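Participant:
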Amino acid sequence: MKLIARTILITILALSLYVGYSSQDWQSIMVILIVSGFLLLLTFVTTNSKQGATTYNTSTSYSDNNCSGSDSGCGGGGD
Numbered sequence: 001m002k003l004i005a006r007t008i009l010i011t012i013l014a015l016s017l018y019v020g021y022s023s024q025d026w027q028s029i030m031v032i033l034i035v036s037g038f039l040l041l042l043t044f045v046t047t048n049s050k051q052g053a054t055t056y057n058t059s060t061s062y063s064d065n066n067c068s069g070s071d072s073g074c075g076g077g078g079d
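Given below as structure tokens:
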């Protein structure tokens, strides 16, 4: 679907540039050039941002092994 939109926008840009160049009347074509160029740029930006997205696993669990004193669970020697 994005390929079709890009093809249409590139065609509109090319036709607008051709008409503007042949008639030398850039003021009437400027809005079409700006809007179609912005939409074309937007199609590339949204595609790249979705492809670069990664997910991270945040369910890392930590255990508190406080081995102060004479805790026999830490491998230290108790009495």
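Letter by letter, the sequence shown follows residues 1 to 79 of full-length UniProt numbering. We put the beta carbon where it would ideally sit given N, CA and C, even for glycine. The structure presented is a predicted model; accordingly, all values stated were derived computationally and were not measured.
Does DSSP put Gln-24 in a helix, in a strand, or in coil?
Facilitator: In the three-state reduction of the DSSP assignment, Gln-24 falls in the coil class, being assigned neither a helical nor a strand state.
Participant: Helix, strand or coil for Met-1? Go by DSSP, reduced to three states.
Facilitator: Note: Met-1 maps to coil in three-state DSSP.
Participant: Below 8 Å on the Cβ atoms is my contact criterion, and I expect Val-19 with Ile-29 to pass it. Report the Cβ-Cβ distance as a whole number of Å.
Facilitator: 6 Å
Participant: So Ala-5 and Thr-46 are supposed to be a Cβ contact under 8 Å. How far apart are they, rounded?
Facilitator: About 11 Å; that fails the 8 Å criterion.
Participant: Under the assumption that Ile-8 contacts Ile-32 (Cβ atoms under 8 Å), give the Cβ distance between them as a whole number of angstroms.
Facilitator: No, Ile-8 and Ile-32 are not in contact; Cβ-Cβ is about 13 Å, not under 8 Å.
Participant: Is Ser-16 buried or exposed, if buried means 16 or more other CB atoms sit within 10 Å of its CB?
Facilitator: buried
Participant: Short check: CB of Leu-40 to CB of Ile-10, under 8 Å?
Facilitator: yes
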